[in-house]
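Numbering (the working numbering), first residue to last: 1 to 554. Just below is one structure, and these are the notes that go with it.
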């Protein structure tokens, strides 16, 4: 029998010979001759065929794997899409609304029984579409009364007071009461009689224990000090939030006033350009003016009307923003007592402002309090290296019958103990080192806070000076621009001027008026900003610019 390996080689050689013959016959239109093939090439061809087959199988496996991954991802995406259908969102939203309504009704019933009022004010203290008259002092006071951040800071102050009570409890006696009940069964077996008896008994006990800490290594005292500093920090936080709220109210009030003035400026421009267009049209009709004057005037009027629409929208937005600050419905109409932005003297030197800020700015004082708290925390951590002393006493009763109080089966104890930890694996030392690092961080933070406050004061001060100079300069420019518009309009009507001069004069007048209003806004809001960065208290010592530095207060 022919060797199998040799047989495979012969078959492969015959296949290669046949393929070669067909290829030659196709290339040349002649009679192909059979070329012999070396059998030594059979092993190489067979190995190449196996490699190609292996590569094809690997590609097919990779394609199947990719197809499975794509199908899995598509299925996951479809599942996620199905999880947030509009119907499910609607159901969830309705459920949350219903649960909130039920909770509100339950809380309202509890308050009604206790004759209490809800501390959380809901927007809507005036009817929708109502009218509210505002002055700047009233705006500030309404914001202070409503602001939710101020209320949250006051809640935090109460929390800090409770933290002091918690810390003080560390040196108060601790009284524990324990009641115990037990039922047992004992089996007594006798080998002689091969009989057993079961005895069931009850046991009840009551105990009262008192522990009085005499010395804790300064841990309790340090915790009390930290809690007290936390209360002072909470008080300063209230002042900080109040000052920020006052600034927001002043800024919102002046923003609405400024936009109302800008609205008047653009309405005046529309009126002026409308009158000018009517004049140009009349002269064009009689043939004294060119068509181009009519067209350019009409374009300027259209642009002015577009700007006026934008100004009206800005007034509505600023009014809604001020309503939101005051906690009023957004549709409430606000009537401001002022009709023009004031410009009154505000005299204070940069050094005076900086010194005041370094002494009274809440953030500066809070940073200093953080340093003091960090120092106390070192003492608290170091308490682990000191012994603790306590006195204990107790009384206990026991009985087989409930409730377990038998005066004949009574015991008492009294004692004192000292606990000192000689070694805790270095935990106390690590806590002390951590506290020391916290102290360094607090000191660096304090210095950074003082530096940033000084920078903020100087920036606010310089902004006020710059705005004051702009107010004076722009006022002169407004007067000149108004006179220039009057002259150019007369010249054009007399036939000695051109239309472009009138339009340019109106544009210059608008620009001058806008710059003047912006300067007045920057000046008044800048004063409020300076008072905020100085840390001026909102309830006392707040100077209102319109009082000419007489020391008036909000």
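By construction, the Cβ of each residue, glycine as well, lies at the ideal position given by its N, Cα and C atoms. What you are looking at is a predicted structure, and each value in this text was computed from that prediction instead of being measured.
Taken atom to atom, the span from the alpha-carbon of residue 233 to that of residue 363 is near 9 Å. Three or more Cβ pairs closer than 8 Å define a contact, and the stretch 434-445 falls short of that threshold against the stretch 330-339. In this structure the stretch 141-149 touches the stretch 311-329; the number of beta carbon pairs closer than 8 Å is three or more. Collapsing the DSSP output to three states places residue 449 in a helix.
Distance between residue 368 and residue 446, taken at the CA atoms: about 6 Å. Counting along the chain, residue 415 sits inside the beta strand (DSSP E) bounded by residues 410-419.
Residue pairing from DSSP leaves residue 164 without any beta-bridge partner. Exclusion of the five residues before and after residue 239 leaves 362 and 537 as the residues of its chain whose Cβ lies within less than 7 Å of its Cβ. Counting C-beta atoms within 10 angstroms of its own C-beta, residue 410 has fewer than 16 neighbours from the protein chains shown and is therefore classed as exposed. Under the criterion of beta carbons closer than 8 Å, residue 478 and residue 513 qualify as touching, at roughly 6 Å. When beta bridges are read from the DSSP output, residue 399 appears opposite 204. A Cβ-Cβ separation of about 19 Å leaves residue 526 out of contact with residue 360 under the 8 Å criterion.
The beta-bridge partner set that DSSP reports for residue 212 consists of 391.
Between residue 67 and residue 74, the alpha-carbon positions lie close to 10 Å from each other. Boundaries of the beta strand (DSSP E) around residue 333: 333-336.
Less than 8 Å divides the Cβ of residue 214 from the Cβ of residue 391. Contact between the stretch 290-297 and the stretch 263-282 is established, with three or more Cβ pairs separated by less than 8 Å. Annotation for residue 371: the continuous alpha helix (DSSP H) segment containing it runs 362-382. Taking 8 Å as the cut-off, the Cβ atoms of residue 489 and residue 502 count as close. A contact between stretches requires three or more CB pairs, one per stretch, nearer than 8 Å, and the stretch 175-184 fails this requirement with the stretch 245-254. Excluding sequence positions up to five before and after residue 491, its CB lies within less than 6 Å of the CB of 497, all in the same chain and listed in chain order. For residue 182, the secondary structure class from DSSP, reduced to helix, strand or coil, is strand.
Here residue 289 is buried, its C-beta having at least 16 other C-beta atoms within 10 Å. The straight-line gap separating the alpha-carbon atoms of residue 247 and residue 532 is approximately 7 Å.
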